[in-house]
Amino acid sequence: MRFYLPNVNVKHAELTGEAHTHAAYSLRIRVGDFVTVFDGTGTEYACKVKDIKKDRTELEILSETKNSGETKINLSLYLSVIKQDRFELAVQKVTELGVNNIIPVYSAHTQRGGSLNYERLNRIAISAAEQCGRSRLPNIERCIQFDELTARVKNTHMIFPWEREMHGSIREAIDKSKTDVSVFVGPEGGITENEKNILVDAGAKSVTLGARILRAETAAISAVSVICYEMGEWTL
Ligand code: SAH
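According to our numbering, the sequence shown is numbered sequentially starting from 39.
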């Protein structure tokens, strides 16, 4: 059983609110049970349940580990703003896959008027991190404009799947010596030729994800998976 618990202090931790109700009433944990808590910034604690009170579950911290369940690379997903439920699916899956930063992007063909519910996105990231065993939460940034995305290309190794790309594959494009890797996935309306040129001129690598057009969230999950594989993250 894993719980996200920000602000853990040295020897003592306690679950309150929803985490306590979930642990005590749904999962029916007992005094003496072992649980894991993580602070979302890379530290994970093995704990023993010391006491279960009406409003809190008290834990004794037994040991502490750093960065368990984390990738060696710093992986960012720039995902165009798409419908909330599809964006949520992408957040859940890429959190499991180990993405560190998720940045929503407005590009030329992004549907206007769409706005994201960040509170829900963060809750989804927390439960995905609890479930999959990672110790950091992805940082979900506020939405940026395409210009800002272009400005960021020079600070990262950016791969971007372009639906009209015929040749480049992720395997050919990936530079295994890099530690900061990003992927940009376009909106349902696609990426314009002009946007593609701007990104390539800025140093991003355009790649294909095969002969079928994938939905943006499928493209994001697939590209992140392949990048993890190619960067050696799937070999323990
Ligand atoms: N409306 C566009 C498709 C957009 S798909 C069209 O009909 O052509 C949404 C995003 O997913 C794309 O911008 C791209 O980043 C990615 N994508 C989907 N399928 C892809 C493929 N086969 N190769 C590369 N990128 C793809």
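Even glycine gets a Cβ: it sits at the ideal position worked out from N, Cα and C.
Tell me the residue span of the alpha helix (DSSP H) that contains residue i.
{"i": "Ala84", "result": "Where Ala84 is concerned, there is no enclosing alpha helix (DSSP H), although the beta strand (DSSP E) it sits in stretches over Thr81 to Ile90."}
{"i": "Asp123", "result": "Gln122 to Leu135"}
{"i": "Val262", "result": "Ala254 to Glu268"}
{"i": "Val238", "result": "Glu231 to Ala240"}
{"i": "Tyr156", "result": "Tyr156 to Cys170"}
{"i": "Thr54", "result": "Segment His50 to Thr54 is the beta strand (DSSP E) holding Thr54; no alpha helix (DSSP H) there."}
{"i": "Asp77", "result": "No alpha helix (DSSP H) contains Asp77, which DSSP labels as neither H nor E."}
Is residue j closer than 8 Å to residue i when the C-beta atoms are compared?
{"i": "Ile197", "j": "Ile141", "result": "no"}
{"i": "Glu82", "j": "Ser173", "result": "yes"}
{"i": "Leu97", "j": "Val75", "result": "yes"}
{"i": "Leu117", "j": "Val191", "result": "no"}
{"i": "Asn288", "j": "Glu179", "result": "Because the chain spans 39 through 274 in this model, residue 288 falls outside it and cannot be assessed."}
{"i": "Tyr42", "j": "Glu134", "result": "no"}
{"i": "Ser165", "j": "His195", "result": "no"}
{"i": "Lys86", "j": "Gly107", "result": "no"}
{"i": "Asn105", "j": "Thr217", "result": "no"}
{"i": "Thr103", "j": "Ala61", "result": "no"}
{"i": "Ala57", "j": "Phe72", "result": "no"}
{"i": "Glu210", "j": "Lys110", "result": "no"}
{"i": "Thr188", "j": "Ala128", "result": "no"}
Over what stretch of residues does the beta strand (DSSP E) that includes residue i continue unbroken?
{"i": "Ile140", "result": "Asn139 to Tyr144"}
{"i": "Arg94", "result": "Arg94 to Lys104"}
{"i": "Ser244", "result": "Lys243 to Val245"}
{"i": "Leu117", "result": "Asn112 to Ser118"}
{"i": "Arg314", "result": "Because the chain in this structure spans residues 39 to 274, residue 314 falls outside the shown range and cannot be described."}
Once you ignore the five residues that flank residue i on each side, which residues in its own chain have a CB closer than 7 Å to its CB?
{"i": "Tyr144", "result": "Val119, Cys181, Gln183 and Phe184"}
{"i": "Glu126", "result": "Arg158, Leu159 and Ile162"}
{"i": "Thr79", "result": "Arg174"}
{"i": "Gly206", "result": "Lys243, Ser244, Val245 and Thr246"}
Ignore the nearest five residues each way along the sequence and tell me which others in residue i's own chain have a CB closer than 8 Å to its CB.
{"i": "Phe45", "result": "The residue asked about is misnamed: residue 45 is Asn in this sequence, not Phe. Closer than 8 Å at the Cβ level, and outside the excluded window around Asn45, lie Asp77."}
{"i": "Asn155", "result": "Gln122"}
{"i": "Val132", "result": "Leu115, Ile140, Pro176, Ala258, Ile259 and Val262"}
{"i": "Arg124", "result": "Arg253, Ala254 and Glu255"}
{"i": "Arg68", "result": "Val87 and Ile90"}
{"i": "Asp93", "result": "Thr54 and His58"}
{"i": "Tyr63", "result": "none"}
May I ask whether a heavy atom of the ligand GTP can be found less than 7 Å away from the beta carbon of residue i?
{"i": "Arg250", "result": "Looking at this structure, you won't find the ligand GTP anywhere; what it does contain is the ligand SAH."}
Please return the same chain residues whose Cβ sits closer than 6 Å to the Cβ of residue i, not counting the five positions on each side in sequence.
{"i": "Thr246", "result": "Glu203"}
{"i": "Ile212", "result": "Glu268"}
{"i": "Arg40", "result": "Thr74 and Glu168"}
{"i": "Gln130", "result": "Ile162 and Ala166"}
contact_flag[the segment 46–61, the segment 148–165] where n(CB pairs < 8 Å) is 3 or more: no
Does the segment 211–230 come within contact of the segment 164–178, defined as at least 3 CB pairs closer than 8 Å? no
Going residue by residue through the segment 190–218, where are the continuous alpha helix (DSSP H) segments of at least 4 residues, counting only ones entirely within it? Look at the segment 190–218 and you find these whole runs of alpha helix (DSSP H), each 4 residues long or longer: 208–211.
Would you call the segment 244–254 in contact with the segment 200–212, where contact means no fewer than 3 C-beta pairs closer than 8 Å? yes
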